[in-house]
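Structure first, then comments.
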Amino acid sequence: MSTDAVLYDHPGPKAKARNLVLTIVFGLAVLGLLYWIYSRFDEKGQWAGSLWKPFTYGSTWTDYILPGLQGTLQAAAVAMVLSLVFGVLFAVGRLSDHWWVRLPAGAIVEFFRAVPLLLLMFFIFFGVPFITEQPMSIFWAVVLGLTLYNGSVLAEAFRAGVYSVPRGQSEAAYAVGMRKSQVMTHILIPQAARAMLPVIVSQLVVLVKDTALGYIISYSELLQLGVNNLSANYGNVLQAAIVAAAIYIIVNSILTGVAGWLSRRTRRKGRAPRAAGAATQQATIEPGLGGGGGA
Amino acid sequence: MDVFSDPLNRDVYITGFLWILKLTLAGGVGALVLGVVLAAMRVSPVPVLRGFGTAWVNIFRNTPLTLIIFFCYFGLFSTLGFSVVDDIDLNNFWLGVIGLSVYTAAFVCEAIRSGINTVPAGQAEAARAIGMTFIQTLTIIVLPQAGRAVIAPLGSILIALCKNSTIVGTIGLMESSNAMKDLINANGNAVIPIFLVFAGTFAIVLIPTGYGFGWLANRLAVKR
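Protein sequences, first through last, are from chains A and B.
With the working numbering applied, the first sequence closes on residue 325, and no number is skipped along the way.
With the working numbering applied, the second sequence closes on residue 205, and no number is skipped along the way.
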């Protein structure tokens, strides 16, 4: 059901008048809320120029925000590649005909989807050095945590995608004499990836946001450098947090926009398998530990 | 398992998970109420409300929860002097609940809106044809059917909320992940058992919860 104008009639004169009144009332309420925030800021002197001015200095950007963004994007990019690999491997593992591959793969995927990412990162960063008896690199602790969690979620997405490929595809592939591994790599995975593209990209947005957890184990990312360290110098936590949030929102909106563009494109060219729409629906609606926004 | 035979350590473990439980429950209620209201706003005939709902979702869905919780503490509490109660732990708890609620509400809103999309247009048209108002159409006809369609996604959101509540540890609450960190640092010889107990607790509770929601969703799905 399209939500526009199905839930309510095309407004007549009375409804128009009522909507106008509601618009004014709620408009005033929103303005009131904004004013309340403004006055709260004002009361605590948060509009002082000295707190906002640092964002016009070049050094603020080159010393704090851009290196922070670089740290965030670096960890996100490496973790994206690794978790896609992890996802494909474990999706194939879970679909294996051999129980000794299927069961461990399933257990690993279910386990890492159920464990909070922060707990995992703490274990990798603080716990693993006790076992290996050498210090753990912060970068790899963040990337490893992100990979294990998001890779497991992606494994489930790929699996749902493989199920969405019509049976005839693999039957035809077997009929022309392809081996099991060929059917998987040549026929099923490419179609599954295409069908699940929206789900995969939205998981990548989750991954970008999850890099902020690196702040807690003091990895030099946007929150650490751009908010924590910057505000240590200028005393402008609030302002720095707002700027950092804006940067995150821009980066993620770009990713989301790419996802929407990709899914429109796939649909238009009719490249997605027939059942793909249903499968995407299934995957987004399917219960599970992934999705739901991550951190 | 020697670590957990020490009553002090066991206390740390239990307190940690009690905080998680409280955060999940309080955050879940807050997010559900806020999310339903936001979803209603996003489909309402009043443009200002639609804009407000859309802005909320776009802002909070794209900001990391860590930053939101950070903001709740350093911005809302330290800088603007907003506090709920005097007790430090309890105040951090409520700041965490605020952060979790506003963040999760964005996801609840989107889930419910996608649920509204699964209700056939004829339902709302029929409701309008017999003269129901927008509020009546929404609350009597559309939301009950939409609610049954979104049990599974709401379940995933609840599970994500439970896992996300560990992030409130950033502002000093001794929830499970901080508890685990302390136990690991104090007992370097038992790192793996400690991790397995903490992670296992989450897995044992959350994996069946996920399947339970799946079962419930199937049972309650509107058969069309």
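We treat Cβ as the ideally placed atom computed from N, Cα and C, and that holds for glycine.
Cα-Cα separation, residue i to residue j
i, j, result
"Y87/A", "D240/A", "29 Å"
"S232/A", "L292/A", "12 Å"
"L133/A", "A167/B", "35 Å"
"V186/B", "N39/B", "31 Å"
"L268/A", "S261/A", "8 Å"
"L63/A", "A141/B", "30 Å"
"P134/B", "A127/B", "12 Å"
"A308/A", "N266/A", "Any reading at A308/A needs caution, since the residue's pLDDT is 48, under 50, leaving its predicted position unreliable; the model's value is listed next. When rounded, the distance between both Cα atoms is 48 Å."
"L76/B", "D67/B", "12 Å"
Coil, strand or helix - residue i by DSSP
i, result
"H40/A", "coil"
"S167/A", "coil"
"R23/B", "helix"
"S24/A", "In the structure as shown, chain A starts at 31 and stops at 325, and residue 24/A therefore has no counterpart that could be examined."
"D(-13)/B", "coil"
"W37/B", "helix"
"A309/A", "Per-residue confidence for A309/A stands at a pLDDT of 48, beneath the threshold of 50, marking its modelled position as unreliable; the derived number appears in the next sentence. Of the three classes helix, strand and coil, the one that applies to A309/A here is helix, per DSSP."
"P220/A", "helix"
"T60/B", "helix"
"D93/A", "helix"
"L125/A", "coil"
"E251/A", "coil"
"N266/A", "coil"
"Y68/A", "helix"
"K3/B", "helix"
"I111/B", "coil"
"A87/A", "What sits at residue 87/A in the sequence shown is Tyr, not Ala. Residue state, collapsed to three classes: coil."
Spatially closest choice to residue i from the options, by CA coordinates
i, options, result
"L2/B", "T182/B, G103/B, A133/B", "T182/B"
"L255/A", "V60/A, W77/A, L58/A, Q100/A", "Q100/A"
"E140/A", "S69/A, L112/A, G287/A, A187/A", "A187/A"
"T47/B", "V281/A, A275/A, G287/A", "A275/A"
"I277/A", "F153/A, L125/A, P97/A", "P97/A"
"V(-7)/B", "L164/B, A198/B, K204/B", "L164/B"
"F74/B", "F115/B, A36/B, I173/B, G8/B", "G8/B"
Check: residue i C-beta below 7 Å from any heavy atom of the ligand MG
i, result
"A289/A", "The model on display carries no ligand, and the ligand MG is accordingly not part of it."
Nearest-angstrom Cβ-Cβ length linking residue i and residue j, presumed shorter than 8 Å
i, j, result
"G191/B", "G136/B", "7 Å"
"N258/A", "Y245/A", "7 Å"
"F176/B", "I132/B", "Between I132/B and F176/B the Cβ distance is about 32 Å, and since that is not below 8 Å, they are no contact."
"A171/A", "I247/A", "6 Å"
"A171/B", "D(-13)/B", "Contact flag wrong, Cβ pair sits at about 11 Å."
"V192/A", "L150/A", "Actually they do not touch by this definition, with Cβ atoms about 26 Å apart."
Span of the alpha helix (DSSP H), counted from its first residue to its last, around residue i
i, result
"V203/B", "That residue, V203/B, is in no alpha helix (DSSP H); it is neither H nor E in DSSP."
"P101/B", "First-last for P101/B: undefined, no H or E at that position."
"F51/B", "46 to 51"
"M161/B", "157 to 167"
"R82/A", "Checking the sequence, you will find Trp at residue 82/A rather than Arg. Run containing W82/A: 79 to 82, per the alpha helix (DSSP H) assignment."
"L154/B", "No alpha helix (DSSP H) holds L154/B; DSSP gives it neither H nor E."
"S200/A", "197 to 205"
"N170/B", "That residue, N170/B, is in no alpha helix (DSSP H); it is neither H nor E in DSSP."
"T162/A", "158 to 162"
"G136/B", "132 to 145"
"F152/A", "147 to 152"
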